[in-house]
Amino acid sequence: MLTLQSYLTLGAIIFSIGVIGIVINRKNIIIIMMCTELLLIAVNFNFIAFSYFNQDLAGQIFVFFILTVAAAEAAIGLAILVALYRNKKTIDVQELKSLRN
Amino acid sequence: MIKELIFYSFSSVLICSSLAVVLFRNPVYSAVSLILSFITSGFLWLLLEAEFLAIVLILVYVGAVMVLFLFVIMMLNINEEKEKLSFNSIAPFAVFIGLIIVIELITIIWINSNQFSNSSTVIQQSSQMGNTLLLGTELFTNYILDFEIAGFILLLAIIVAISLTLRPRKNLKTQVTSEQINVDPKKRMKLIDMKETK
Chain A
0 MLTLQSYLTL GAIIFSIGVI GIVINRKNII IIMMCTELLL IAVNFNFIAF SYFNQDLAGQ
60 IFVFFILTVA AAEAAIGLAI LVALYRNKKT IDVQELKSLR N
Chain B
0 MIKELIFYSF SSVLICSSLA VVLFRNPVYS AVSLILSFIT SGFLWLLLEA EFLAIVLILV
60 YVGAVMVLFL FVIMMLNINE EKEKLSFNSI APFAVFIGLI IVIELITIIW INSNQFSNSS
120 TVIQQSSQMG NTLLLGTELF TNYILDFEIA GFILLLAIIV AISLTLRPRK NLKTQVTSEQ
180 INVDPKKRMK LIDMKETK
């Protein structure tokens, strides 16, 4: 018997994997952006599950807009990443500390 | 019964591929695992009768966003000799905090499960109208302003991405529009009288 709780639990697990991935990463910013996509997928899971179990279409509309904004965010983030690599020659998280002190 | 089987197998695939995104050292492997998790969550959305969004997820994310990610990984040449530890020093503590987050969320979700129990028996939505038709009707009537704002956000993303990465060449011969507009005709053209010659 699939209930709403099953889907919410799945969303919670994916969300936590995304949070852990952002925090423990030391290599580069690209993996951090991929973890952001994981977080958005988890939130979309919750929206679609509530939309299905309450028979309300507003959740799916919201997921539509989240997908739009996430695509725009990925495009702008990768553009920032390319500009950063041109100036700094690295995208290592540990090296990007020019704003420190 | 078959739905439960599909749900549990696909969600275990989804969790494993999400862990692979985090744990792989090579970003190309992470990107491919993220493609797998997008496709799997698209299939899981099909179980929830969100057919249009499942197809949009696969088309937009796997077809456009992840290809963009792979292009950037290809162009940036980040596979140097970075074979040191790929996680930082606070990783065990962060994993501990993450496990606490998971346990808290699952506890909160399951502790009041009678709160959701009336909605767990789902009446089928009107199947003579497809999901795409319903979504489109809703989107173009009640949410038309939001739809146009979404289009504007996409336009803004195009402009920002191009203007961030556009780097003009040094000795590029282009028009200088302000000089062209501000030119004075009297300085450019001189009228002279000429005698009529033969």
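Protein sequence lines correspond, in order, to chains A and B. Take the first sequence: its position 83, counted from the start at 1, is 82 in numbering that gives the first Met the number 0, and no numbers get skipped. Take the second sequence: its position 94, counted from the start at 1, is 93 in numbering that gives the first Met the number 0, and no numbers get skipped. Glycine included, each C-beta is placed from N, C-alpha and C at the ideal position.
| Does the beta carbon of S177 of chain B sit closer than 8 Å to a beta carbon anywhere in chain A? | Walking along the second sequence from the start, residue 177 of chain B turns up at place 178. Answer no: the Cβ-Cβ gap between S177 of chain B and chain A never drops below 8 Å.
| query | Cα separation between K185 of chain B and M193 of chain B? | reply | Numbered from 1 along the second sequence, position 186 holds the residue referred to as residue 185 of chain B. Numbered from 1 along the second sequence, position 194 holds the residue referred to as residue 193 of chain B. C-alpha separation (whole angstroms): 19 Å.
| query | With 8 Å set as the bound, which would you pick, yes or no: does the beta-carbon of V61 of chain B sit closer than that to a beta-carbon of chain A? | reply | For the purposes of this step, residue 61 of chain B is taken as the residue at position 62 of the second sequence. Chain A places no beta carbon closer than 8 Å to that of V61 of chain B, leaving this residue out of the contacts.
| 8 Å Cβ shell around I131 of chain B - same chain, five flanking residues per side excluded | Here residue 131 of chain B corresponds to residue number 132 of the second sequence, with the count starting at 1. Correcting the residue identity first, residue 131 of chain B is Thr in this sequence and not Ile. The residues are E50, F51.
| query | Shortest alpha-carbon distance to G97 of chain B belongs to which of A:A73, A:L3, A:G10, A:G20? | reply | For this step, residue 97 of chain B is matched to residue 98 along the second sequence. From the listed residues A:A73, A:L3, A:G10, A:G20, the smallest Cα separation to G97 of chain B is found for A:G20.
| request: Starting from D145 of chain B, follow its DSSP beta bridges and name the residues at the other end. | output: The residue labelled residue 145 of chain B in the question sits at position 146 within the second sequence. Answer by DSSP bridge pairing: none, since D145 of chain B is not bridged.
| Does the beta carbon of V17 of chain B sit closer than 8 Å to a beta carbon anywhere in chain A? | Here residue 17 of chain B refers to the residue found at position 18 when the second sequence is read from its first residue. Checking the sequence, you will find Ser at residue 17 of chain B rather than Val. Yes, its Cβ sits closer than 8 Å to a Cβ of chain A.
| query | Name the DSSP beta bridge partners of D192 of chain B, please? | reply | As a first step, residue 192 of chain B must be located in the second sequence, where it is residue number 193. According to DSSP, D192 of chain B bridges with nothing at all.
| request: Compare the C-alpha of Y84 of chain A against each of B:F92, B:S88, B:L75, B:I89 and name the closest. | output: Taking the first sequence and counting its residues from 1, the one referred to as residue 84 of chain A is at position 85. Residue B:L75 is the option with its Cα nearest to Y84 of chain A.
| query | What residues in the region 65–93 of chain A have a beta carbon less than 9 Å from any beta carbon of chain B? | reply | L66, T67, V68, A69, A70, A71, E72, A73, A74, I75, L77, A78, I79, L80, V81, A82, Y84, R85, T89, I90, D91, V92, Q93
| request: Out of A:C34, A:A41, A:M0, state which residue places its alpha-carbon closest to the alpha-carbon of A11 of chain A. | output: Against the first sequence, residue 11 of chain A aligns to sequence position 12. When only C-alpha atoms are compared, the closest one is A:A41.
| task | Kindly indicate the opening and closing residues of the alpha helix (DSSP H) around P184 of chain B. | result | Taking the first residue of the second sequence as position 1, residue 184 of chain B is located at position 185. Run containing P184 of chain B: 184–187, per the alpha helix (DSSP H) assignment.
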